[in-house]
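This report refers to the structure that appears directly beneath it.
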Amino acid sequence: MKTVGKKFPKRVMRKASLQGKTVLLRADYNVPFENGVITDDYRIRASVPTVQKLLEYGCKVVIISHRGRPKGPESTEFSLEPIALRLSELLGQSVRFVDDCVGPKVRMAVKRAPAHGVVVLENLRFYAEEKANDPEFAARLAKDSGASYFVQDGFGVVHRAHASTSAITMYLPSVAGLLLEREYQAITGAMSHPKRPLLALMGGAKVSDKIPIIKRLIRVADQIIIGGAMANTFLAHRGHNVGASKVEPDQTAVIDDIYDLVHKKVGAEMADNFLVLPTDVAVGAHVDETARRRTVPVTQIPEGNYALDIGDASIERVVAAIDRSQTIIWNGTLGMTEFPHFAHGSARAALALAEHPEKESIIGGGDTAGFVIQWDSRHGESFSHVSTGGGASLELMAGQKLPGIEALLDA
Ligand code: ADP
Ligand code: 3PG
Ligand code: MG
1 MKTVGKKFPK RVMRKASLQG KTVLLRADYN VPFENGVITD DYRIRASVPT
51 VQKLLEYGCK VVIISHRGRP KGPESTEFSL EPIALRLSEL LGQSVRFVDD
101 CVGPKVRMAV KRAPAHGVVV LENLRFYAEE KANDPEFAAR LAKDSGASYF
151 VQDGFGVVHR AHASTSAITM YLPSVAGLLL EREYQAITGA MSHPKRPLLA
201 LMGGAKVSDK IPIIKRLIRV ADQIIIGGAM ANTFLAHRGH NVGASKVEPD
251 QTAVIDDIYD LVHKKVGAEM ADNFLVLPTD VAVGAHVDET ARRRTVPVTQ
301 IPEGNYALDI GDASIERVVA AIDRSQTIIW NGTLGMTEFP HFAHGSARAA
351 LALAEHPEKE SIIGGGDTAG FVIQWDSRHG ESFSHVSTGG GASLELMAGQ
401 KLPGIEALLD A
């Protein structure tokens with residue numbers, strides 16, 4: 001389903017005169033690798049429409065990104081070279097890689113690049129100045145790239161105030177790329193004027209990671225279903241014995257606070273229908289892929305066992321709730337999806353959403369997005385929106401201001 005969201009406030013590509021210009025494009029190519037091989041290229045794919053649109057405009061496209069958290073240029077394992085190669089495959093054209101992001105090599109490569117040429121520069125975080133939001137470094141990025149426009153399309157990193165997300169906008173006229181615009185519209189649209197009923201599925205590792213988004217969802221959602229390790233923390237708070245399960249201690253005050261908000265919204269009697277905890281969980285005797293799945297009621301979690309997924313009855317409740325809803329916002333896996341036996345809850349939720357393209361489904365969070373894409377034969381296309389942002393999508397969903405977006409508005 002097409003998202004009818006808020007429009008990106010002002011500065012977007014189609015309103016700028018980019019034709020024939022050299023453009024500095026910030027992408028978020030911080031993608032997962034294993035043994036030097038990209039294991040999930042979703043973020044690279046998601047940037048392709050923007051690159052193609054700029055090429056259609058006859059631009060020279062100079063792309064910058066970070067990858068990982070390197071100590072410095074000696075952390076060569078964080079090079080963007082393999083990403084340039086993957087981008088070239090996806091674009092079906094050659095992409096020039098430069099092993100620095102400022103300096104004479106960059107100036108020369110851009111000068112030599114033809115119109116419709118794509119140049120990928122080396123990891124921005126090889127310079128400490130990037131994270132420091134250093135204005136002189138931003139000025140060098142702008143100058144050495146020879147660009148006359150800056151396009152911000154690294155949605156996954158706009159929650160950081162870095163040189164390439166913030167300071168850079170002081171040196172070049174700056175606009176949002178197509179991906180940033182789409183992310184902004186989908187997420188703010190679902191949060192601010194959703195088709196109702198709006199169901200929120202919240203899971204993942206920690207309550208403490210997601211307090212602002214839970215609080216916002218209490219205001220805007222019609223129902224919230226909790227799963228994942230987060231559910232264990234709620235169950236423990238309710239006095240259940242959760243065995244050896246992962247729980248977060250010290251969240252008592254936070255959960256009390258959450259229930260206060262729920263009581264204010266729906267009253268104490270309806271609280272458990274609004275904020276729904278699992279009634280059963282799938283436990284394992286140990287935490288690894290050989291652990292057998294066994295579903296037990298939440299009142300009977302065996303001593304020493306780990307609740308690693310929501311149980312079968314709880315899964316049916318999730319599926320039924322998806323059926324009743326028009327908009328579903330999902331953040332955080334419902335179980336330990338790293339192990340297939342404990343991925344049932346998340347897989348059934350993903351399939352239920354994929355089967356209903358008429359429903360608005362907005363999926364955010366690094367692990368959750370990675371999981372649903374793996375489960376979808378159409379690379380995530382079956383859902384209305386799978387966010388490329390981890391922290392950025394959480395913060396935008398929570399209604400927070402993101403420095404990389406604010407900088408575009410101020411520029
Ligand atoms: P996202 O990245 O989508 O925001 P999180 O990082 O919060 O999601 O949560 C995903 C992580 O939570 C996964 O590594 C998963 O193994 C873990 N997790 C989910 N449910 C459980 C559980 N019941 N016990 C232990 N870990 C869990
Ligand atoms: C992400 O993957 O969340 C972004 O690329 C930001 O990376 P960071 O958390 O290292 O700033
Ligand atoms: Mg995560």
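The opening position of the sequence shown corresponds to residue 1 in the working numbering, with each subsequent residue numbered one higher.
Beta carbons are placed, not taken as given, at the ideal position from N, Cα and C, and that holds for glycine.
Secondary structure of PRO32 (DSSP, three-state): coil. Below 8 Å, too few C-beta pairs join the segment 283–293 and the segment 347–356 to call them touching: fewer than three.
Going by C-alpha positions, SER384 is about 43 Å away from PRO104.
Put simply, the backbone Cα of VAL319 is about 12 Å away from that of HIS344.
Every residue whose Cβ sits closer than 6 Å to any heavy atom of the ligand 3PG is listed here in chain order: ASP28, ASN30, ARG69, GLY156, VAL157, ARG160, GLY390 and GLY391.
Taking all protein chains shown into account, GLN152 has 16 or more neighbouring C-beta atoms within 10 Å of its C-beta and is therefore buried.
The set of residues with CB atoms less than 5 Å from any heavy atom of the ligand MG reads, in chain order, GLY366 and ASP367. For GLU130, the enclosing alpha helix (DSSP H) has its first and last residue at 128–131. Three or more pairs of CB atoms, one per stretch, sit closer than 8 Å, so the segment 310–328 contacts the segment 274–290.
Secondary structure note for THR50: its alpha helix (DSSP H) is the uninterrupted segment 42–56.
Annotated three-state conformation of ASN232 is helix, per DSSP. If only complete runs of 4 or more residues are kept, the segment 362–390 shows the alpha helix (DSSP H) at 366–374, in order along the chain. Taking the Cα positions, THR388 is about 6 Å away from ARG43.
ASN232 and ILE258 have their C-alpha atoms roughly 15 Å apart.
Leaving aside the five residues that flank PHE155 on each side, the residues in its chain whose CB is nearer than 7 Å to its CB run, in chain order, ASP28, LEU179, LEU180, GLU183, THR388, GLY389 and ALA392.
In the structure shown, LYS359 adopts coil according to DSSP, grouped into three states. Going by beta carbons, MET13 and GLY189 fall outside the 9 Å limit. For VAL23, there is no enclosing alpha helix (DSSP H); the residue is part of the beta strand (DSSP E) that begins and ends at 22–26.
Here the distance from the Cβ of GLY239 to the nearest heavy atom of the ligand ADP is not below 8 Å. Per DSSP, reduced to three states, the secondary structure at GLN326 is coil, with no helix or strand assignment. By the neighbour-count criterion, in which 16 or more other beta carbons inside 10 Å mark a residue as buried, THR337 falls on the buried side.
The criterion of a C-beta distance shorter than 9 Å is satisfied by ARG96 and ALA84.
Contact annotation, LEU275 with VAL262: C-beta distance approximately 5 Å; criterion of less than 8 Å satisfied. The C-beta distance from GLU129 to ALA163 rounds to 6 Å, short enough to meet the 8 Å contact threshold. At a Cβ-Cβ threshold of 9 Å, PHE150 and LEU24 count as neighbours. Taking C-beta atoms under 8 Å as the contact rule, MET230 and VAL207 qualify, at a distance of about 5 Å. Scanning the segment 209–290 from its first residue to its last, the whole beta strand (DSSP E) runs of 3-plus residues come out as 223–226 and 280–284. Looking at the DSSP output, ILE63 sits in a beta bridge with LEU25 and VAL120. The straight-line gap separating the alpha-carbon atoms of PRO340 and VAL158 is approximately 33 Å. Beta-bridge annotation (DSSP): ARG160 is not paired with any residue. For HIS356, the closest C-alpha among the options GLY370, GLU381, THR76 and PRO135 is that of GLU381. With respect to ARG11, SER174 sits close: the two C-beta atoms are nearer than 9 Å. Linking MET202 to ASP99 through their CA atoms gives a straight-line distance of about 41 Å. Within its own chain, no residue has a Cβ closer than 6 Å to the Cβ of ARG69 once the five positions on either side in sequence are excluded. As a beta-bridge residue in DSSP terms, THR295 pairs with ALA282. Apart from the 5 residues on each side of it in sequence, LEU198 sits with its Cβ closer than 6 Å to the Cβ of ALA221, ASP222 and THR327 in its chain, given in chain order.
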